[in-house]
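First up is the structure itself, then whatever we jot down about it.
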Ligand SMILES: Nc1nc2c(ncn2[C@@H]2O[C@H](COP(=O)(O)OP(=O)(O)OP(=O)(O)O)[C@@H](O)[C@H]2O)c(=O)[nH]1
Ligand SMILES: [Mg+2]
């Protein structure tokens, strides 16, 4: 049986192999992604992000355990966008699980960072699809929160849980990093520590005051503008989702059932308001747009370098004979004319 067939049958070794091929950008990965794509779109994706050491892995471990009790098949992906050179070993530590390591219904994998941000985000999306195709119905993506990187990675999560902890001055940091804007659910972890109640109150006030959160933020991301023209749609649009704040002590599982319920409530809200389909559509549009941009750019570059035009153009830019923008526009136009004259998609 080939790799795809084994993966679709739920073979863990085939799945692990497929993920490695994807991570290494092996030429086979694109074919693999194409072959499994029709079998995807069934899994729930839940992102867990937050500052280093906030307890993300402990929460993921606890949620995994709870989802397993409901009979769900759970995959955990840990992505570390902050350290470009950290490989499996360090990431392995980051997602050390207390439970579930020997459970065939649980699959845990860390993703090494290779290449740029877009690459990492592409890897994450591709790996999520492989897990989905392999029959994991619940996929938890853990990534350490530091800025734009996890926002990109969290694109693949239908529900994003942002983990905060009291006493780190995270309140201010979080706003800066825009991390609250991606939150669908907030967990105030390490609630056994001083200051948890205060942090909960602060977050709740911020969530209700800041129009960008729960409206322009997650709502715009996941639901978009009210679809008034759709048959049966409420003219006022769906009720905005206000991210709930849940107190947790992940080390003792305290608050984790409530956290799970909040995650499920968000999913139900997305489903009931049609937000899920709109969000998926928008994410796919962004993905396809990005790929078209990359592929077209690569093709144009390859074409221009082949006959020396690239070097010549750069020389003119460097001598200030032409500005970068005009040079790029000219190159793209020439490339399009060239493609149009002989390409398979040529139009009269
Ligand atoms: N007191 C207390 N400690 C906790 C709690 N949750 C996690 N910890 C501890 O905090 C430390 C970090 O927990 P992790 O789950 O590894 O945190 P993380 O956010 O995944 O860390 P990174 O992936 O390295 O960013 C561990 O020693 C945990 O045992 C909690 O609710 N209370
Ligand atoms: Mg971790």
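In this note's numbering, the protein residues as written are 26 to 373. Here a beta-carbon is modelled for each residue, glycine too, at the ideal position from N, C-alpha and C. Everything numeric in this text was worked out from a predicted model, so none of it was measured.
Restricting to runs no shorter than 4 residues, where is the alpha helix (DSSP H) found entirely within the region 323-358?
334-343
Is the beta carbon of residue 150 less than 8 angstroms from the beta carbon of residue 264?
Against the chain shown, residue 150 aligns to sequence position 125. Against the chain shown, residue 264 aligns to sequence position 239. Cβ atoms of residue 150 and residue 264: not closer than 8 angstroms.
Could you tell me if residue 214 is buried or exposed, where buried requires 16 or more neighbouring beta carbons within 10 angstroms of its beta carbon?
As a working mapping, residue 214 is identified with position 189 in the chain shown. Burial call: buried.
Starting from residue 136 and walking both ways along the beta strand (DSSP E), at which residues does that stretch end?
By one-based count along the chain shown, residue 136 stands at place 111. Here the beta strand (DSSP E) through residue 136 covers 131-136.
Is residue 49 a contact residue of ligand 1, with contact defined as CB to any heavy atom under 7 angstroms?
Here the question's residue 49 lines up with position 24 in the chain shown. Because no heavy atom of ligand 1 lies under 7 angstroms away, the Cβ of residue 49 does not count as near it: no.
At a cut-off of 7 angstroms, is residue 135 close to ligand 2 when judged by its beta-carbon and the heavy atoms of the ligand?
On the chain shown, position 110 is the one that residue 135 refers to. Flag unset: Cβ of residue 135 not near ligand 2.
Taking Cβ to Cβ, would you say residue 57 is nearer than 8 angstroms to residue 46?
For the purposes of this step, residue 57 is identified with residue 32 of the chain shown, where counting begins at 1. For the purposes of this step, residue 46 is identified with residue 21 of the chain shown, where counting begins at 1. Against a cut-off of 8 angstroms, the Cβ pair of residue 46 and residue 57 comes out as a contact.
To the nearest angstrom, how far is it from the Cα of residue 319 to the Cα of residue 192?
Working through the chain shown from its first residue, we reach residue 319 at position 294. Working through the chain shown from its first residue, we reach residue 192 at position 167. Rounded to the nearest angstrom, the two C-alpha atoms are 43 angstroms apart.
Opposing strand residues paired with residue 386 [DSSP bridges]
The structure shown does not extend to residue 386, since the chain spans only 26 to 373, so no value can be given for it.
Assuming the contact rule is C-beta atoms closer than 8 angstroms, residue 185 and residue 157 should be a hit. Round their C-beta distance to whole Å, please.
For the purposes of this step, residue 185 is taken as the residue at position 160 of the chain shown. For the purposes of this step, residue 157 is taken as the residue at position 132 of the chain shown. Between residue 157 and residue 185 the Cβ distance is about 18 angstroms, and since that is not below 8 angstroms, they are no contact.
By the three-class DSSP mapping on this structure, what secondary structure does residue 79 have?
The residue given as residue 79 occupies position 54 in the chain shown. Correct three-state label for residue 79: coil.
Starting from the Cα of residue 296, find the closest Cα among 27, 43, 69 and give me that residue.
Taking the first residue of the chain shown as position 1, residue 296 is located at position 271. Nearest C-alpha to residue 296: 69.
Sequence-distant residues of the same chain with beta carbon closer than 8 angstroms to residue 153, five excluded per side
Here the question's residue 153 lines up with position 128 in the chain shown. So the list reads 68, 70, 102, 164, 166, 181, once near-sequence residues are dropped.
Could you check how far apart the C-beta atoms of residue 187 and residue 276 are, in whole angstroms? I think they sit under 8 angstroms.
Here the question's residue 187 lines up with position 162 in the chain shown. Here the question's residue 276 lines up with position 251 in the chain shown. About 19 angstroms separates the two Cβ atoms, so there is no contact after all.
Going by other Cβ atoms of all chains shown within 10 Å of its Cβ, with 16 needed for buried, is residue 207 buried or exposed?
What you label residue 207 is simply residue 182 of the chain shown in a count that begins at 1. Flag for residue 207 reads buried.
DSSP beta-bridge partners of residue 272:
The count along the chain shown starts at 1 and reaches residue 272 at position 247. DSSP lists 213 as partners of residue 272.
With DSSP as the reference, identify every bridge partner of residue 101, one or two as the case may be.
What you label residue 101 is simply residue 76 of the chain shown in a count that begins at 1. The partner list for residue 101 (beta bridge, DSSP) reads 133, 165.
Have a look at residue 338 and residue 232 and give me their C-alpha separation to the nearest angstrom.
On the chain shown, residue 338 is found 313 positions in, with the first residue counted as 1. On the chain shown, residue 232 is found 207 positions in, with the first residue counted as 1. Computed Cα separation, rounded: 51 angstroms.
Close beta carbons around residue 63, own chain, < 7 angstroms, minus the five adjacent residues each side
Within the chain shown, numbered from 1, the residue matching residue 63 stands at position 38. For residue 63, where only same-chain residues beyond five positions count, there are no Cβ hits under 7 angstroms.
Do residue 148 and residue 48 count as a contact pair if the criterion is CB distance below 8 angstroms?
By 1-based counting over the chain shown, the position of residue 48 is 23. By 1-based counting over the chain shown, the position of residue 148 is 123. It is a contact, given that the beta carbons lie within the stated cut-off.
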